[in-house]
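Asker:
There are 2 protein chains.
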Amino acid sequence: MLVVQTIAEVRKFVGEARESRKSVGFVPTMGALHEGHASLIRRAVERCDYVVLSVFVNPTQFGPSEDLAKYPRTFDADRQLADRLGVDLCFAPSASEMYAANCSTYVVPEGLQDALCGRSRPGHFRGVCTVVAKLFNIVRPDVAFFGQKDAQQAVIVQRMIEDLNFAVELEVLPTVREPDGLAMSSRNAYLSPAQRQDALCLFHALQAAFAAITRAQRDAAAIRAQMQQAIAAMPSARVEYIELVDAATLKPVTGLAGHHVLIALAVHVGATRLIDNIVVDVT
Amino acid sequence: MLVVQTIAEVRKFVGEARESRKSVGFVPTMGALHEGHASLIRRAVERCDYVVLSVFVNPTQFGPSEDLAKYPRTFDADRQLADRLGVDLCFAPSASEMYAANCSTYVVPEGLQDALCGRSRPGHFRGVCTVVAKLFNIVRPDVAFFGQKDAQQAVIVQRMIEDLNFAVELEVLPTVREPDGLAMSSRNAYLSPAQRQDALCLFHALQAAFAAITRAQRDAAAIRAQMQQAIAAMPSARVEYIELVDAATLKPVTGLAGHHVLIALAVHVGATRLIDNIVVDVT
Chain A
169 MLVVQTIAEV RKFVGEARES RKSVGFVPTM GALHEGHASL IRRAVERCDY VVLSVFVNPT
229 QFGPSEDLAK YPRTFDADRQ LADRLGVDLC FAPSASEMYA ANCSTYVVPE GLQDALCGRS
289 RPGHFRGVCT VVAKLFNIVR PDVAFFGQKD AQQAVIVQRM IEDLNFAVEL EVLPTVREPD
349 GLAMSSRNAY LSPAQRQDAL CLFHALQAAF AAITRAQRDA AAIRAQMQQA IAAMPSARVE
409 YIELVDAATL KPVTGLAGHH VLIALAVHVG ATRLIDNIVV DVT
Chain B
169 MLVVQTIAEV RKFVGEARES RKSVGFVPTM GALHEGHASL IRRAVERCDY VVLSVFVNPT
229 QFGPSEDLAK YPRTFDADRQ LADRLGVDLC FAPSASEMYA ANCSTYVVPE GLQDALCGRS
289 RPGHFRGVCT VVAKLFNIVR PDVAFFGQKD AQQAVIVQRM IEDLNFAVEL EVLPTVREPD
349 GLAMSSRNAY LSPAQRQDAL CLFHALQAAF AAITRAQRDA AAIRAQMQQA IAAMPSARVE
409 YIELVDAATL KPVTGLAGHH VLIALAVHVG ATRLIDNIVV DVT
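This is the structure we're talking about:
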């Protein structure tokens with residue numbers, strides 16, 4: 169595996185791969201790789217001839233009071249894992265390589281950014297779209313791999329690809345969970361042992377929602393109330409949002425019948441903000 | 169010359185050209201082609217192996233009270249000119265081919281859009297950047313050709329290319345003028361014979377500015393005042409702005425010395441809004 173820091177090197181090596189008619193797969197990450205990322209990389213290696221991984225903690229997607237400075241950085245372990253899994257090129261740029269001092273052009277997902285996580289994280293998805301657009305233009309992949317764990321991000325990136333006509337296919341892979349159900353996240357590293365236990369409430373809430381739907385519950389408010397209870401059961405947990413929305417438009421649904429429903433929640437466990445979701449096809 | 173209406177056809181034909189290792193040049197236009205466009209096409213044909221022209225009156229760059237509906241459309245003449253000049257592929261999509269009903273991702277040139285024309289045309293450069301980003305992703309040109317006549321547009325597109333890492337080189341070509349000095353513009357077609365005469369005031373104002381600078385005038389306010397007089401001399405003309413700005417940042421300059429100065433103005437002649445500019449390296 170090659171590790172490079174500059175855009176010019178990425179263009180050079182990916183250009184050579186493309187010259188040899190290799191298909192190019194791309195896994196963009198902020199590092200601190202876990203099994204969720206590994207599943208994306210494995211799929212990319214399986215599907216594409218040449219796999220590029222980016223490791224970049226993107227400053228433009230963090231708010232001023234968010235955890236940019238303390239976001240976990242584990243580059244040595246990341247590069248070893250990536251190498252072992254068969255990544256061909258690891259792109260780990262500096263912030264100044266990615267953002268010139270005078271940069272001022274942003275990609276804005278108007279509308280879709282006002283739902284779910286976007287409400288408490290203004291500018292977050294503008295930062296995500298901007299860096300993903302940049303990375304798409306640098307890497308020019310055939311396929312990009314994202315995780316369903318960040319459901320709103322996947323919807324917004326898919327819409328960006330369509331709206332801006334990127335010649336990139338998005339493949340979204342299922343959320344990978346710990347044995348007890350906690351969704352894998354780089355931010356799980358922030359949790360104390362007690363909080364790690366309480367963090368299960370997100371999964372429990374989603375289980376409760378799913379069980380209610382299988383028992384023919386179709387009322388969004390009733391399902392939310394049940395999910396709320398699951399969170400309330402854990403002392404260090406505080407709900408930021410629990411939402412049932414159309415999985416494509418992210419608009420809230422009141423009755424679930426006939427919808428492809430994204431059930432998503434954000435919960436603060438101590439000082440750590442966690443998210444999780446499931447998508448249910450409701451008849 | 170091939171004429172196509174769909175994105176898929178553009179990708180197909182440009183893909184074939186690229187397979188044969190041809191360099192791809194791109195001239196994006198809103199049609200109503202004049203000698204200014206012709207100079208861009210001639211340069212593209214001279215420089216590149218395969219030349220794509222787009223003809224698309226882009227709705228997202230028009231404000232609600234602007235001239236989208238009556239913007240001149242002369243497609244038969246446009247395609248004949250393009251064919252004669254050696255364009256390989258003319259892309260003339262419908263609005264619905266370019267914008268899906270649910271599209272909501274925009275490219276926003278924050279900061280630079282607040283200067284000059286952007287002040288009276290809110291959203292204009294968001295529309296320009298969005299459609300140019302889309303067209304870049306559809307055509308994937310090596311070089312794109314723009315006119316200096318739309319000076320702010322050229323600066324903003326250059327910044328977009330850098331900020332979003334498009335693998336496209338921008339070549340900006342000089343403003344083409346009528347024999348009496350009026351800058352070529354599709355909107356000149358709106359002018360009555362009397363207004364056509366008054367429209368010369370833009371060129372006269374720029375000549376006055378240039379003459380003042382050669383006479384060692386370095387004070388922006390003094391130069392503006394002289395330009396203002398040139399406009400005031402014409403009965404149907406009304407100034408929207410006269411600005412002396414740094415040619416890269418578009419920030420106003422007060423003393424010209426040491427600046428690469430963009431002297432730009434927008435003037436309403438009757439109901440027609442006209443713009444013009446010169447760039448002067450001031451020592």
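Protein sequence lines correspond, in order, to chains A and B. To convert, count from 1 in the first sequence and add 168; that's our numbering. To convert, count from 1 in the second sequence and add 168; that's our numbering. For every residue, glycine included, the Cβ atom is placed at its ideal position computed from N, Cα and C. These numbers come from a predicted model, not from an experiment.
1) With a floor of 4 residues, list each alpha helix (DSSP H) that falls wholly inside the region 225-297 of chain B, ordered by position along the chain.
2) Could you check whether the region 328-336 of chain B touches the region 365-378 of chain B, counting it as contact only if at least three pairs of C-beta atoms, one from each stretch, sit closer than 8 angstroms?
3) Taking L332(B) as the query, report the chain A residues whose CB atoms sit under 8 angstroms from its CB, ordered along the chain.
4) Would you say G154(A) faces chain B, with C-beta separation under 8 angstroms as the test?
5) Closer than 8 angstroms by beta-carbon distance: list the chain A residues that pair up with A268(B), in chain order.
6) Can you list, in chain order, the residues of its chain whose CB lies under 6 angstroms from that of V225(B), leaving out five sequence neighbours each side?
7) Give me the Cα-Cα distance between G315(A) and K190(B), rounded to the nearest whole angstrom.
8) Measuring CB to CB, does C258(B) end up less than 8 angstroms from M169(B)?
9) Apply the 10 Å Cβ neighbour rule to A384(A) and answer buried if 16 or more other Cβ atoms are within range, or exposed otherwise.
10) Within 8 angstroms of any Cβ in chain A, is that where the Cβ of I209(B) sits?
11) Which residue's Cα is closest to the Cα of I410(A): T417(A), S404(A), M402(A) and Q397(A)?
12) How many angstroms separate the CA atom of T343(A) from the CA atom of V311(B)?
13) Does any C-beta atom of chain A lie closer than 8 angstroms to the C-beta of I446(B)?
14) Please state if the CB of Q229(B) and the CB of V325(B) are separated by a distance shorter than 8 angstroms.
15) Can you tell me whether H205(A) is helix, strand or coil according to DSSP?
16) Considering only DSSP beta bridges, list what V220(A) is partnered with.
17) May I ask you to list the residues that DSSP assigns as paired with Y409(A)?
18) Suppose contacts are defined by Cβ-Cβ distances below 8 angstroms. Is F313(A) in contact with V195(A) by that definition?
19) Please report the distance separating the alpha-carbon of A416(B) from that of H428(A).
20) CB V421(A) to CB V413(A), shorter than 8 angstroms?
21) Is the beta carbon of L221(B) less than 8 angstroms from the beta carbon of V255(B)?
22) Under 8 angstroms, do D366(A) and M402(A) count as touching if we go by C-beta distance?
23) Closest to D217(A) by CA distance: which of E184(A), A319(A), E234(A) and V223(A) is it?
24) Assess contact between the region 239-248 of chain B and the region 297-306 of chain A, defined as three or more Cβ pairs (one per stretch) separated by less than 8 angstroms. Is contact present?
25) Would you mind giving the Cβ-Cβ distance between R441(A) and E339(A), rounded to the nearest angstrom? I have them listed as a contact below 8 angstroms.
26) Run through the DSSP bridge pairs and tell me what G315(B) is partnered with.
Answerer: According to the structure data:
1) 243-253, 263-266 and 284-288
2) no
3) If you number the second sequence from 1, residue 332(B) lands on position 164. Residues of chain A passing the Cβ test: T273, V275, T298, A301, K302 and N305.
4) Residue 154(A) falls outside the range modelled here, since chain A spans only 169 to 451, and no answer is possible.
5) Taking the first residue of the second sequence as 1, we reach residue 268(B) at position 100. By Cβ distance, chain A contributes E330 and D331.
6) Taking the second sequence and counting its residues from 1, one reaches residue 225(B) at position 57. Closer than 6 angstroms at the Cβ level, and outside the excluded window around V225(B), lie M198 and Y239.
7) As a first step, residue 315(A) is located in the first sequence; it is residue number 147 there, counting from the start. As a first step, residue 190(B) is located in the second sequence; it is residue number 22 there, counting from the start. If I take the Cα positions, the gap works out to 37 angstroms.
8) Residue mapping note: residue 258(B) aligns to position 90 of the second sequence, counting from 1. Residue mapping note: residue 169(B) aligns to position 1 of the second sequence, counting from 1. Cβ atoms of C258(B) and M169(B): closer than 8 angstroms.
9) As a working mapping, residue 384(A) is identified with position 216 in the first sequence. Answer is exposed; the Cβ neighbour count stays below 16.
10) The count along the second sequence starts at 1 and reaches residue 209(B) at position 41. So, not an interface residue.
11) By one-based count along the first sequence, residue 410(A) stands at place 242. Residue Q397(A) is the option with its Cα nearest to I410(A).
12) On the first sequence, residue 343(A) is found 175 positions in, with the first residue counted as 1. On the second sequence, residue 311(B) is found 143 positions in, with the first residue counted as 1. Going from the Cα of T343(A) to the Cα of V311(B) covers about 41 angstroms.
13) What you label residue 446(B) is simply residue 278 of the second sequence in a count that begins at 1. The beta carbon of I446(B) does not come within 8 angstroms of any beta carbon belonging to chain A, so the residue lies off that interface.
14) Start at 1 with the first residue of the second sequence, and residue 325(B) comes out as number 157. Start at 1 with the first residue of the second sequence, and residue 229(B) comes out as number 61. For V325(B) and Q229(B), no; Cβs fall outside 8 angstroms.
15) By 1-based counting over the first sequence, the position of residue 205(A) is 37. DSSP places H205(A) in helix when its eight states are reduced to three.
16) Residue numbering aside, residue 220(A) sits at position 52 when the first sequence is read from its first letter. F194(A) and L257(A).
17) In the first sequence, residue 409(A) corresponds to position 241, counting from 1. Paired residues: A434(A).
18) Mapped onto the first sequence, residue 313(A) falls at position 145. Mapped onto the first sequence, residue 195(A) falls at position 27. A contact, by the Cβ cut-off of 8 angstroms.
19) By one-based count along the second sequence, residue 416(B) stands at place 248. By one-based count along the first sequence, residue 428(A) stands at place 260. Whole-angstrom Cα-Cα distance: 48 angstroms.
20) As a first step, residue 421(A) is located in the first sequence; it is residue number 253 there, counting from the start. As a first step, residue 413(A) is located in the first sequence; it is residue number 245 there, counting from the start. Closer than 8 angstroms, so yes.
21) Taking the first residue of the second sequence as 1, we reach residue 221(B) at position 53. Taking the first residue of the second sequence as 1, we reach residue 255(B) at position 87. The answer is yes: Cβ separation under 8 angstroms.
22) The residue labelled residue 366(A) in the question sits at position 198 within the first sequence. The residue labelled residue 402(A) in the question sits at position 234 within the first sequence. Yes. Within cutoff.
23) Here residue 217(A) refers to the residue found at position 49 of the first sequence. Nearest C-alpha to D217(A): E184(A).
24) no
25) For the purposes of this step, residue 441(A) is taken as the residue at position 273 of the first sequence. For the purposes of this step, residue 339(A) is taken as the residue at position 171 of the first sequence. So it is not a contact: roughly 26 angstroms between Cβ atoms.
26) Position 147 of the second sequence, counting from 1, holds the residue named residue 315(B). Bridge partners of G315(B): L341(B).
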